[in-house]
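All remarks here apply to the structure that follows.
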Amino acid sequence: MTRRFTRTAGKINRLFPACLGMTALFPAVAAAADAPAVDSGTTAWMLMSTALVLLMVPGLAMFYGGLVRTRNVLGTMMHSFAAMGIVGVLWVVCGYCMSFGSNMLGGWCGWNPDYLLLRGIDETILDAGVPEYVFAMFQGKFAIITPALIAGAFAERVRFGGYCVYTILWSLLVYNPLCHWVWAADGFLFNMGAAGAIDFAGGTVVHISAGISGLVAALYLGARRGYPATAMHPNSMVMTLMGAGLLWVGWFGFNAGSSVSSGLDTARALTVTQVAAAAGATTWIVIEMLHLGKATTLGLVSGILAGLVVITPAAGVVVPAGALALGIIAALVCYASLLLKERLGYDDSLDAFGIHGVAGIVGALALTFFIRDSWMASAVAAAGGNWGVGQQFWVQLKAVLLTVGYTTVVSLALVVLVEKLFGFRLSEAEEMSGMDYSLHGERGYGLINPD
Amino acid sequence: MQLVTAIIQPDKLDAVRESLLAAGITRITVSRVTGHGRHQQNIERLYRGQKVVPNLIPKIRLDIACNDEFVEVAVDAILYAAKHGDGEIGDGKIFITELKECIRIRTEERGGAAI
C-alpha cells in the first residue's frame, strides 16, 4: 500500500511496488521543483477513501452486533465504536509517529518527533499531491478498524474496561510496529526481497494480526458459558446483512484508496476488490447448497468477507482472473476452517480468526501465483535480472510467519497482563445478565418490552 | 395435571432450563414478559448521565404442564437454579394451578398421556 513518499520532491526513496516505473502517476513530482502542489483529483479521492474506511467501522459494529445474542448487542457494537474513539486519539498522539516515523530501536517501530500530535505536518504536501493530513487520517482508519476486528473473537464475554486497556496496548505494541515494518519507507518487510513483501492494503498488518490476536485471546479467555452445548443465536441477521453491505462499500476506500493515487492503480485495486468479493460470496453459497442443501444469508456475507480479506494484500498486483481465483480459494479454505473450528471446539465467537486470519494468510501467500507480468518484470529489473515466483513466495511466507509469530507472542502477553491486572473476562453473573445491562446500564431493544 | 408457571430473572434462564432438563422436564414454553413487584435492585438504566428507573422490568415466564408426580420435580429444579446467591428480592415466583385438560393436536390424545 501505502507508500510513504518522501517529502523532498524528486527524491522518492522507493515507489510503491505496484507503481514501479510509473512516476508519471505523480505529476506533482515532475511539476514542482521543491514543494509538491496539491493534486485536487487525488486528494478528493483520498478524502473520500478516508471516509469510506471510517464507514466500515459502524459497518463492522452492525455485522458483529447482529450476530450476538440480544443481551449483548450494545456491548458488541460498543467494541467497534470505542475503537473509533480510543484509537482515534492514540493515532494522533503517537500512532502516526510510531508507524511512519524513521526507524527506531533497530527498526522495531518508527519515530519522528515532528509527528507527535501531527505537529510537523501542518503544511506538508506529499509527493503524491496529497496533504499529509489526509494520508495520516486515512492510515488512522486502518489503525481503528483492526482492534475492532479482534473483538469478534472474544465477543459476549469481556469487560469493557479490560477491552479498552487491551486496545490501547495492542495498538501501541502490535499495530504500530507492524504497520511500520510493512508500510513505512524504511520498514524491513517493505524492503524485503526484490520489491518488498507485498501487502497492498493490510493482509498482514490488519487481517492476519487481528485474526491471530483474536484466536490467542479466545483461547486464553475460554469459551462463553454454555458454548458449544447451548445454541447462541444471532439477534438480528438483518443488521448483519446491512453491516456486510457497508463493509463491502467501504472496502473500495480501504483497497483502492491504498494506492494513494487516483489513476490506473486505483482502478485496478477497485476492480479486483469487486471481483474477489463477488467470487467469495458466490462460492460460499454454492458450497452451502451442496453441503447443507440451503444457502444462508450468514454464509453469503461470510463469503463476501472472505473474498474482501483475501484480496486486501493482493489488490495492487493481481489481475481480475487472479482475483476470481483468490475469492474462490478463500471461500473454500475459510469454510473448511470453520468446520475445523467446530471439531476443535474453541470459541472464536464471530470468526475473527476463521475469516480474517485465515483469508488474510491465504491472500498474502496465494497472491504470489497471480501477480501481473508487468509487476514481475519490474521486480526482475530491481533484483538485477533474477526474480521469480518462488523467491517472491518465500518473501511472502517470511512476512506471514513474522507477523504470526510476533502477534502471537505480544498479544498473548497483553491478554494475560490485562486479565491479571485489570480483569478482562466477565464474571459469570455479568455474562449471564448480558453486557448491555451489566456493563453499560442500557438495553439494545427496549421496544420489545412494553416500557 | 398441574400447570407450573414460573416468573424468573432473564439471566437465570439458561441455568433453569439446564436444571429442568437434568431433572427430566423437557417440555417447556418460555416467553419474555415485563412487570413490577418488589424488585428494586440493579434495575436502573443510564440515559445521558441520568439514572432512569424503568416502570416495568423484563422477566422470563416459563409454563410447564406436568402430571402430578412431576410437579415437585419441576419446582425443585427451578428453586435450585433460579436464585441469585442465597436468594434475593426479584428472583421471581412460581404459580401452580390445576390444569383441566391437555390435548395433543397431532393425535388428539387427551389427559396425562398428552403431556
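These protein sequences, in sequence, are chains G and D.
Going by my numbering, the first residue of the first sequence is number 148, and it counts up by one from there.
Going by my numbering, the first residue of the second sequence is number 579, and it counts up by one from there.
In this text, a Cβ means the ideal position worked out from N, Cα and C, and glycines have one as well.
For chain D, is any of its Cβ atoms less than 8 Å away from the one on residue i?
i: G/Ser484; result: no
i: G/Pro205; result: no
i: G/Asp598; result: Note that G/Asp598 has pLDDT 49, beneath the 50 cutoff, so the model's placement of it is unreliable and no number is given.
i: G/Glu270; result: no
i: G/Ser580; result: yes
i: G/Thr377; result: yes
Apart from the five residues on each side of it in sequence, which residues of its chain come closer than 6 Å, Cβ to Cβ, to residue i?
i: G/Ala426; result: Gly454, Leu471, Gly474, Ile475
i: D/Ala655; result: Ser597, Leu598, Ala601
i: G/Phe173; result: Only weak support exists for where G/Phe173 lies, its pLDDT of 39 falling under 50; the value from the coordinates is given anyway. For G/Phe173, where only same-chain residues beyond five positions count, the Cβ hits under 6 Å are Asp274, Ala275.
i: G/Ala403; result: Thr413, Ala416, Leu417
i: G/Val396; result: none
i: G/Tyr262; result: Tyr243, Cys244, Gly248
i: G/Val422; result: Pro467, Ala470, Leu471
i: D/Thr675; result: Leu581
i: D/Arg694; result: Since the first residue of chain D shown is 579 and the last is 693, residue 694 of chain D is not available in this structure.
i: G/Glu279; result: Ile268, Thr271, Leu273
With a Cβ-Cβ cutoff of 8 Å, do residue i and residue j count as a contact?
i: G/Gly267; j: G/Ala184; result: no
i: G/Thr189; j: G/Ser409; result: yes
i: G/Ala465; j: G/Ile518; result: The identity of residue 465 of chain G in the sequence shown is Val, whereas the question assumes Ala. Yes; because the gap between Cβ atoms is below 8 Å, this pair is in contact.
i: G/Phe516; j: G/Val536; result: yes
i: D/Leu591; j: D/Val611; result: no
i: G/Asp346; j: G/Asn250; result: no
i: G/Ser406; j: G/Ala391; result: no
i: G/Val551; j: G/Ile355; result: yes
i: G/Gly242; j: G/Phe335; result: no
i: G/Gly504; j: G/Lys488; result: no
i: G/Cys326; j: G/Ile233; result: no
i: D/Val582; j: D/Cys680; result: no
i: D/Ile642; j: D/Ala652; result: yes
i: G/Asp583; j: G/Leu221; result: yes
i: G/Ser227; j: G/Asn323; result: no
i: G/Tyr211; j: G/Ala298; result: yes
i: G/Val321; j: G/Ser360; result: yes
i: G/Ile272; j: G/Met203; result: no
i: G/Gly506; j: G/Ala468; result: Checking the sequence shown, residue 506 of chain G turns out to be Ala, not Gly. No; because the gap between Cβ atoms is not below 8 Å, this pair is not in contact.
i: G/Met379; j: G/Lys545; result: no
i: D/Val594; j: D/Leu624; result: no
i: G/Ala529; j: G/Ala341; result: yes
Residues in its own chain within less than 7 Å of residue i by CB, not counting five upstream and five downstream?
i: G/Phe571; result: Val305, Arg306, Gly309, Tyr313, Leu368, Val562, Val565
i: G/Val363; result: Thr555, Ser558, Leu559, Val562
i: G/Thr430; result: Gly450, Gly474, Ile475, Ala478, Leu479
i: G/Met231; result: Val204, Ile291
By DSSP's criteria, residue i is part of a beta bridge. Which residues make up the other side?
i: D/Leu624; result: D/Lys629
i: G/Thr418; result: For G/Thr418, which the question treats as bridged, DSSP gives no partner whatsoever.
i: D/Glu676; result: D/Gln580
i: D/Ala643; result: D/Leu581
i: G/Arg572; result: G/Val305
i: D/Arg688; result: D/Ile681
i: D/Arg610; result: D/Ile638
i: D/Ile586; result: D/Ile638, D/Gly670
i: G/Phe251; result: Going by the sequence as given, residue 251 of chain G is Met instead of Phe. The partner list for G/Met251 (beta bridge, DSSP) reads G/Cys256.
i: G/Pro278; result: G/Ile272
Would you say residue i faces chain G, with C-beta separation under 8 Å as the test?
i: D/Asp664; result: no
i: D/Asp646; result: no
i: D/Asp589; result: yes
i: D/Val608; result: no
i: D/Ile586; result: no
For a contact meaning CB atoms closer than 9 Å, what does residue i contact in chain G?
i: D/Leu624; result: His587, Gly588, Glu589
i: D/Asp669; result: In chain order: nothing, as chain G lies at least about 13 Å away.
Strictly below 7 Å CB to CB, what residues from chain D border residue i?
i: G/Gly373; result: Asp592
Among residues of its own chain, excluding the 5 on either side of residue i, which ones have a beta-carbon nearer than 8 Å to its beta-carbon?
i: G/Thr197; result: Val281, Met284, Phe285, Lys288, Gly400, Gly404
i: G/Glu575; result: Arg372
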